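Add 1 to the 1-based position in the sequence shown for this note's numbering, that's all there is to it. Beta carbons: idealized from backbone N, C-alpha and C, even for Gly. Note that the structure is a prediction, hence the values are computed from the model and not measured.
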Amino acid sequence: MAKKLLVVRNDKIGDFMLAWPALACLKSASPAPHVTVLVPAYTAPLAHACPWVDEVIIDPGQQADKAAQKALLESVKAARFDALLTLFSTPRIGWLGFRANIALRVAPATKWAQLFYNVRIRQRRSRSEKPEYQYNVDLACALLARLSLSLNALPAPPFWPVEDARKAEQRKRLEGATEAPASARLIVVHPGSGGSAVNLSIEQYAALIGGVERQLSDSTACWLISAGPGEEAGAQALIDQLKSSGISAQRLPASASVAEFAQQLAGTDMLIAGSTGPLHIAGCLNIATAGFYPAKRSATPLRWQTCNSADRRLAFSPPAAADQQDMAAIDIDAAVRQISALLDG
2 MAKKLLVVRN DKIGDFMLAW PALACLKSAS PAPHVTVLVP AYTAPLAHAC
52 PWVDEVIIDP GQQADKAAQK ALLESVKAAR FDALLTLFST PRIGWLGFRA
102 NIALRVAPAT KWAQLFYNVR IRQRRSRSEK PEYQYNVDLA CALLARLSLS
152 LNALPAPPFW PVEDARKAEQ RKRLEGATEA PASARLIVVH PGSGGSAVNL
202 SIEQYAALIG GVERQLSDST ACWLISAGPG EEAGAQALID QLKSSGISAQ
252 RLPASASVAE FAQQLAGTDM LIAGSTGPLH IAGCLNIATA GFYPAKRSAT
302 PLRWQTCNSA DRRLAFSPPA AADQQDMAAI DIDAAVRQIS ALLDG
């Protein structure tokens, strides 16, 4: 019988997307385990779309009442999991696994929550010595070793594989909705921050887009501006500023869910954004990405690197002489050159 695993990454969208390489490792093992994820409701559509996930349990969250917490415990108990893998440990989740009598409980050896786990992996993530998704893969491999499940090779991008026919269908839809010629590069720019990361200003994004527009050779660019909930005003401000410079840009067509938004991205050529959920969705899809990061140790381009192929990702941050979060210090001209070269490649 397949081993039953519960994997927890119950915070933001970007964090969950960086768990996909670890989930791919688990499902690629032999014999393949049954993988359930515990996620909040807002990442559930992505969890249901993940090819490495068999079942989804909704986490009601820290603020949920006692009845909801009891229902969660009962559902976890009833599933009779063989192992719990917590990629980001909190006392509530550690206590949940302990009370649910899950025999093998694996988590990073950080904070006092580790007391509830019987396998603790020392990682020192605060040093930011490797990408977040690699830390997650290390935890997955540690779990597989303790379950005597074999993994012949680590999975490689794309971690969200989409069939070529599906990509072509999405591209056709976007071309039809935007009246972009077939030769145009479809480039999505996400100027919002999702409240979790610093980002470029609207003026910087406008300068970046204008520079790339001038640099690109042979064919045109179709600029699609995306926005999350509450970010619409910023997206419109960028469109208006570009229009005043003679550059046409439009909103990315509305999508019904974050999973549908991801499918749209699969038909595009690049996503440009701060270190937010959309950037990491694009990374899983293995489309080209250009990410803008602060330079502080806990949020470096290396730590929050996208999980697409190395030749498809670019990262920019303030120089060493600038303040760690001074995004105005980023060399936009250098970013223009590198982004244009990647698009022309």
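query = Who are K5's beta bridge partners in DSSP?
reply = H35
ask   = Would the beta-carbon of W224 fall within 8 Å of that of I210?
value = yes
query = Roughly how far, in whole angstroms, is the beta-carbon of A316 from the beta-carbon of P302, given that I think they are within contact range, below 8 Å?
reply = 4 Å
request  = Count the CB pairs spanning the stretch 3 to 18 and the stretch 77 to 84 that are closer than 8 Å, and state whether there are at least three.
outcome  = yes
task = Check whether the Cβ atoms of S256 and P46 lie closer than 8 Å to each other.
result = no
task = Could you name the residues that DSSP lists as bridge partners for I59?
result = V40
request  = Scan the stretch 95 to 156 and note each continuous alpha helix (DSSP H) run of 4 residues or more that stays entirely inside, going in chain order.
outcome  = 133 to 147
query = Whose C-beta lies closer than 7 Å to the C-beta of L74 among residues of the same chain, with five residues either side of it excluded?
reply = L97, R100 and A101
ask   = Looking at C-alpha atoms only, which residue of G284, P230, P34 and K71 is the closest neighbour of P61?
value = K71
ask   = How is A181 classed by DSSP in three states: helix, strand or coil?
value = coil
query = Which residues mark the beginning and the end of the beta strand (DSSP E) in which I347 is found?
reply = There is no way to answer for residue 347, as the model of the chain reaches only from 2 to 346.
Pick from V120, D219 and P156 that is closest to Y134, judged by C-alpha positions = P156
inquiry  = Do T307 and R314 have their beta-carbon atoms positioned less than 8 Å apart in this structure?
reply    = yes
Per DSSP, the bridge partner or partners of T221 = T221 pairs with nothing; no bridge assigned.
inquiry  = At 4 residues or longer, what runs of the alpha helix (DSSP H) sit wholly inside the stretch 269 to 331?
reply    = 278 to 286
task = Express the C-alpha separation of A185 and C26 in angstroms, rounding to a whole number.
result = 36 Å
key: Of the listed residues P279, D312 and A181, nearest to Q251 (C-alpha basis)   = A181
message = Report the CB separation of W21 from W161 in whole angstroms; it is logged as a contact under 8 Å.
response = 7 Å
ask   = T277 to A198, Cα distance in whole Å?
value = 7 Å
request  = Could you please give the first and the last residue of the uninterrupted beta strand (DSSP E) stretch that includes A250?
outcome  = A250 to R252
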